[in-house]
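Just so we're aligned, residue 1 is where the sequence shown starts under the UniProt record's numbering, counting upward by one. For every residue, glycine included, the Cβ atom is placed at its ideal position computed from N, Cα and C. In what follows, a structure is listed as C-alpha cells, so that the remarks can point back to it.
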Amino acid sequence: MMKRPNIVLILTDDHAAHAVGAYGSVVNATPRIDEIAEAGVRVDSCFCTNSLCTPSRASILTGTYSHINGVTTLETPIDASQPTFITALRDAGYRTAVVGKWHMGEGDGHDPQGFDYWAVLRDQGEYFDPQILTADGLEIVPGYATDILTDLSLGWLDSLEGDDPWCILIHHKAPHRPWEPDEKHKGMYSEPIAVPATFDDDYATRSSAAHRAAMRIADHLTLTDLKQLPPEGLTYEQAALWKYQRYMEDYLACVASVDDNVGRVIDWLKTDGSFDDTLLMYTSDQGFFLGDHGWFDKRFMYDESLRMPLLVSCPSRITDVGRTLSQIVTNVDFAQTILDAAGVDPHPRMQGVSFWPQLTVDPERPTREAMYYRYFENDDVNHHAFAHYGIRTERYKLIYFYNDGMGLPGSSPHAYPPEWELYDLQEDPEELNNVYGDPAYRELREQLKAQLWTLQAELKDEPHHSQPVPDLVASP
C-alpha cells in the first residue's frame, strides 16, 4: 500500500503568474519555483473566485465560496471553527501546521484552529522584524520575514518524529505592498524592466469601474511605495514610467527572496528523502497587475488579477511531468484536491471539484465549463473598485458591475448605475475591447447571462436585485 503523501502548500501574497519563470515571465526569473513545474505540472487556468487576500485564503482553506464561508471582504474575519481541509486531514491522522500570513482575524475564534502548530503574522505583518503570534503569545523575531517564515516552517518539520504524514501551509507575506526587499536582493532589477503593452490603456470601451479605480501607477502609488520622490522635471508620462520601474524593482526583488526560500524547502524535502512522496504546491492568493492597463493591485475580474499561479509536484503520483493542465480550476477546488490526494473524504459542505485525477491518471478529464467570480466590496475609501460578479469560460468573460449605488465621496449615492462588460478572449486576450454592446454578440451574451444565473443558483449565491432576467430569445 502506497504511503499517504505529505503536503506542503506554499502561498504567497499578490504574486502574479506573469512574474513566474515557468509561466514565461519577461520581467524576472524564478528558477527554484520553476523546479516544481519541472518535477510536476503547471496549471494554466487557475483562477480565484474573489480577488482579495482574506476571502481567497478562506476559500482555499474551506473549499467554499465567499458567500458560504462568510469571508466576503478584507474586514470580515473567518469563523475558524468551520470545517476545512486541515480539520479533515487532522481527523485522518495528519500532523498539521500553518506558518506566516493568516490575515483572517485574530482572537475570539479567529485564530487558526485545527492545527497542531501555528505561528502567524499579525494582520498584514512586517517585512522586517515581524511580530509572530503563536498559542504561547506574541514575539518580535529579528530578521527578514520571508527567511523567518521558512526557518519556522523547517524548524517544525525538523521537530517531527514518527511516520504519520504531515501537512504544512507556508504563507508568505511577500510580495505584498509596500514591497520591501532585503539587502541580499535589493537592486538586483536595476536594469530597465519591460513595460506591458497595455500600460497606456485608456479604458475606451470599459465601464465606469475601470475609469474610477484608484490603482493607476501614474497617480496612486505613494511615497511609502516608491521610497523616493521622482526626479524633478519629468512629464506626466515620464513620471509614470519612472514609478513603474521603481515599483517593479522592489516587487521583483521580494519575489526573488521567495524564490530562494522555496528552494530551501525543496532542498529540505530532498535531503529528508520525502520529496517524491510530498504533494508540493506553489500558488498565490490571487493575481496582480504589474503595470497591465496602467494598474497595480488586484480586485477586478480581468485576467491579470484573476489568474493564480499554480505549480504542483508529487513525483510518486504525478509521473507525466513537465506538462501543463489547461482545464479551468479555482482556489475553491484546492481543498478537495488535497483531500483526494490524501485519500480523505471531503466535507459535504465543500463546493469545489478535485482536479487530482487531471494531475495524475486522467489528464484530459473536463473540470467545469465556467468559473464564477464575485467581488463584494464597494470600496469608497482606498481603491474605488466597484462590486461585481461574472463568469469566465475558456473563451468568454461576462462581468456585471452592479455597483450597489456606488458613488465616490461627495457624489450622489446612485452615481454609477449597473453596467455589463463582455470579452472575447480568443480575439482579444488582453481584454481591451468590451463587446457587450456589439450586435454580433447579442445572442451569446444572453446565453452567458443565463449560464451566470444557473451557476449562481447551483452555488447558492443570490444575484443582485438590479440584475435583469436574461433575454433568452435569440436575435432575429
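Selection Ile7, Asp44, Met2 and Val8 evaluated against Val20 yields Asp44 as nearest (Cα-Cα). Spanning the alpha carbons of Thr30 and Ala145 requires a straight line of approximately 19 Å. Taking one beta carbon from each stretch, the segment 193-206 and the segment 262-274 have fewer than 3 pairs nearer than 8 Å; the two do not touch.
When the alpha-carbon of Lys397 is set against those of Arg374, Pro418, Leu448 and His383, the nearest one is in Leu448. CA-CA distance, Ala39 to Glu446, rounds to 43 Å. A direct Cα-to-Cα measurement between Gln131 and Ile140 gives close to 4 Å. The Cβ-Cβ distance between Glu369 and Ile399 does not fall below 8 Å. A check of alpha carbon separations from Gln336 across Ile60, Thr12, Ala37 and Glu427 identifies Ile60 as the nearest. Secondary structure of Arg264 (DSSP, three-state): helix. In this structure, the CA atom of Asp116 is about 13 Å from the CA atom of Asp164. Secondary structure note for Trp356: its alpha helix (DSSP H) is the uninterrupted segment Trp356 to Leu359. Secondary-structure assignment with DSSP links Trp179 through no beta bridge to anything.
In the DSSP assignment, Asn6 forms a beta bridge with Thr278. Between Phe401 and Ser159, the CB-CB gap reaches or exceeds 8 Å. Between Leu11 and Ser284, the C-beta gap is smaller than 8 Å, which places the two residues in contact. In this model, Asp333 and Ile217 are separated by some 33 Å (Cα to Cα). Less than 8 Å divides the Cβ of Ala342 from the Cβ of Arg4. In the three-state reduction of the DSSP assignment, Arg299 falls in the coil class. In chain order, Pro83 and Ala88 place their CB closer than 7 Å to the CB of His347, counting only its own chain and leaving out the 5 sequence neighbours on each side. Under the DSSP assignment, Asp147 falls in the alpha helix (DSSP H) whose first and last residues are Ala145 to Ser159. By the Cβ test, the segment 73-80 is in contact with the segment 47-60, since at least three Cβ pairs between them sit closer than 8 Å.
Using a Cβ distance threshold of 8 Å, Thr367 and Gln426 do not count as a contacting pair. In terms of Cβ geometry, Arg57 and Asp260 do not form a close pair [threshold 8 Å]. Between Val265 and Ile148, the C-beta spacing is not below 8 Å. DSSP places Lys449 within a helical segment (H, G or I) once states are collapsed to three. Just measuring C-alpha positions, the residue of Ile318, Glu106, Lys101 and Gly437 sitting nearest Ser153 is Lys101.
Here Cys254 carries a helix assignment [DSSP, helix/strand/coil]. Close CB contacts of Gln351 within its chain, under the 8 Å cut and outside five residues either way in sequence, are with Gly63, Thr64, Tyr65, Ile68, Val332 and Leu459 (chain order).
In the structure shown, the three-state DSSP call for Gly322 is coil. Comparing alpha-carbon positions, the option among Met371, Pro315, Phe288 and Tyr375 lying closest to Pro309 turns out to be Phe288.
Excluding sequence positions up to five before and after Pro357, its CB lies within less than 7 Å of the CB of Arg365, all in the same chain and listed in chain order. Inside the segment 107-132, DSSP marks whole beta strand (DSSP E) runs of 3 or more residues at positions 117-121, from first to last along the chain.
Looking at the DSSP output, Tyr400 bridges to Tyr389 and Trp420.
Within the model, the alpha-carbon separation for Glu237 versus Gly107 is close to 47 Å. Annotation for His172: no beta strand (DSSP E) segment contains it, and DSSP assigns it neither H nor E.
Taking C-beta atoms as the reference points, Tyr247 and Leu221 count as a pair closer than 8 Å.
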